[in-house]
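Accompanying notes for the structure given below.
Number of protein chains: 2
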Amino acid sequence: MLKLSKLTDYAVVVLVRLGDDFALQTSGGIAAATGVPEPTVAKVLKIMTTAGLVCSQRGARGGYRLARSLSAIPVADVITAIDGPIALTACVEHSPAICDSSALCPVKGRWDRVNSAILDALSGISLADMRPPARDVVPVQPLSEASAMQSYHPAGASVSTTAFVE
Amino acid sequence: MLKLSKLTDYAVVVLVRLGDDFALQTSGGIAAATGVPEPTVAKVLKIMTTAGLVCSQRGARGGYRLARSLSAIPVADVITAIDGPIALTACVEHSPAICDSSALCPVKGRWDRVNSAILDALSGISLADMRPPARDVVPVQPLSEASAMQSYHPAGASVSTTAFVE
DNA sequence: TTCATTCAGGACCAAGCTAGTCCTGTTTTG
DNA sequence: CAAAACAGGACTAGCTTGGTCCTGAATGAA
């Protein structure tokens, strides 16, 4: 389906929200500001931390901040962090799975070209390119206010977020 | 995961096998030549027929042949036929699912750019580009011989074929 | 020192999708 | 008429994803 996982979509939303100011923000605060469920935000941020895209500060008054500016984070990095290395098929170079019938496979190595093309496309677009105009950004505010905001659901409660590329 | 479905991988194998000579080949014969299980080949070919990528001839002495030459079939067409329209996220233009929180979504419309880039990449590569050198192609032969051939499994019997793009 | 806050790192479960198989037609040839 | 071959479904098992929750560790404030 060439689909992107929902978590990747969430990750972009969260990272963009984290913004470029490098101020510490808690997972709860980001959840409130974006409308993404808090446990999901926490999950995403933990993955992002492991991947080195964000830095975390534990303890009271802790939180998260970007490790690099949005313009220095290509979309490919986010996808790789969430979903693992980008490889359309198991036959692609660097893929962990080894095709056990490579001797017969009629398209052996041919997906590499397709893969490289996609990788180039994803590496050339940064999160800064996906950032909305500044006026649309909801300012950081106390939880008591933010928690009353409308929620963000990528594709609605009952509709699959399965993604397509036509 | 940006993964491609296994069926898409099979479809490319089958279509390339169908080749450019426009001779009728039965699903059983293709299965034998490629090592892909016959029911799966039949399933793929039925989908390809519906999509207009191959033509079918029913009845005894029937079979399948390409509707266009391999060079006239972009990879994007195969993926679309198997997986539906290519769209990374539900937010992407022309996607059937409508985001019910588009007013709040911080990256509304931003995936379009990523999507277009991928679509361009996939549209620029044809099946002819994925065709192996002629010497690697197994010639058409009687079932009795072909059925003894080694099978082709994209990623082995027990290993996930999940595809990645890094 | 003690406690509240916040992240770290898993385990766990339900739901949906994919792959693969099979069965019953229908069409065409000989 | 019988055999060959495609058409079009239904069906099932397994995996993956998503989402939640729990326990523990680190930090800072009172």
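Here the protein sequences come in this chain order: Z and R.
Numbering of the first sequence is given in my numbering, commencing with residue 1 and proceeding in unit increments.
Numbering of the second sequence is given in my numbering, commencing with residue 1001 and proceeding in unit increments.
Glycine included, each C-beta is placed from N, C-alpha and C at the ideal position.
Keep in mind the model is a prediction, meaning the values are calculated, not measured.
Note down, in chain order, each residue of its chain lying with its Cβ closer than 6 Å to the Cβ of residue i, except the 5 sequence neighbours on either side.
i: Z:Leu45; result: Ser27 and Tyr64
i: R:Gln1055; result: According to the sequence provided, residue 1055 of chain R is Cys. The question's Gln does not apply to it. Within the same chain, R:Cys1055 has close Cβ partners Arg1065 and Ala1067.
i: Z:Asp20; result: Ser69 and Leu70
i: R:Arg1058; result: none
i: R:Lys1236; result: In the structure displayed, chain R extends from 1001 to 1166; residue 1236 of chain R sits before or after that span and is not available.
i: R:Glu1038; result: Gly1028 and Ala1031
i: Z:Ala72; result: none
At a CB-CB cut-off below 7 Å, which residues of chain Z make contact with residue i?
i: R:Arg1068; result: Those within 7 Å of R:Arg1068 in chain Z number zero; the least Cβ separation is about 18 Å.
i: R:Ile1079; result: Leu2
Grouping DSSP H, G and I as helix and E and B as strand, with all else coil, what is residue i?
i: R:Leu1066; result: strand
i: R:Ser1123; result: helix
i: Z:Gly84; result: coil
i: Z:Pro142; result: In this prediction, Z:Pro142 has a pLDDT of 40, which is less than 50 and means its spatial position is unreliable; nothing more can be read from the coordinates.
If I measure Cβ to Cβ from residue i and keep anything under 8 Å in the same chain, skipping five residues before and after, which residues do I get?
i: Z:Ile86; result: Ala76, Ile79, Thr80, Asn115, Ile118, Leu119 and Leu122
i: Z:Val16; result: Leu70, Leu127, Met130, Arg131 and Pro132
i: R:Ile1047; result: Leu1007, Ala1011, Ala1081 and Ile1082
i: R:Leu1018; result: Gln1025, Ile1030, Val1054, Tyr1064, Arg1065 and Leu1066
i: R:Gly1124; result: Pro1074
i: Z:Thr49; result: Cys55, Ser56 and Tyr64
i: R:Gly1062; result: Leu1024, Thr1026 and Ser1056
Using a C-beta to C-beta distance shorter than 9 Å, which residues of chain R count as neighbours of residue i?
i: Z:Ile73; result: By Cβ distance, chain R contributes nothing, its closest Cβ being about 13 Å from Z:Ile73, past 9 Å.
i: Z:Arg58; result: Result: empty, since nearest Cβ-Cβ is about 27 Å, beyond 9 Å.
Find the residues of chain R that neighbour residue i, judging by a C-beta separation of less than 7 Å, and give them in chain order.
i: Z:Arg113; result: Ile1125 and Asp1129
i: Z:Arg61; result: Under the 7 Å cutoff, chain R gives no residues; its nearest Cβ is about 25 Å from Z:Arg61.
Could you list which residues in chain R have their beta carbon closer than 8 Å to that of residue i, in chain order?
i: Z:Asp20; result: The contacting residues do not exist; Z:Asp20 stays about 14 Å from chain R at best.
Within a Cβ cutoff of 7 Å, which residues of the same chain sit near residue i, ignoring the five residues on either side of it in sequence?
i: R:Val1036; result: Tyr1010, Val1013, Val1014 and Tyr1152
i: R:Ala1051; result: Ala1081
i: R:Ala1023; result: Arg1065
i: Z:Ala60; result: none
i: Z:Thr40; result: Tyr10
i: R:Arg1113; result: none
Listing by chain order, which chain Z residues have their CB less than 9 Å from the CB of residue i?
i: R:Arg1065; result: The premise fails here: R:Arg1065 is roughly 17 Å from chain Z at the closest Cβ pair, so nothing lies under 9 Å.
Requested in this report: Could you please tell me which residues of the region 118-133 of chain Z, in chain order, have their CB closer than 8 Å to any CB of chain R?
Outcome: Ile118, Leu119, Asp120, Ala121, Leu122, Gly124, Ile125, Asp129, Met130, Arg131 and Pro132
Requested in this report: Please list the segments of the alpha helix (DSSP H) lying wholly inside the region 1025-1056 of chain R, counting only runs of 4 or more residues, in order along the chain.
Outcome: 1027-1034 and 1038-1051
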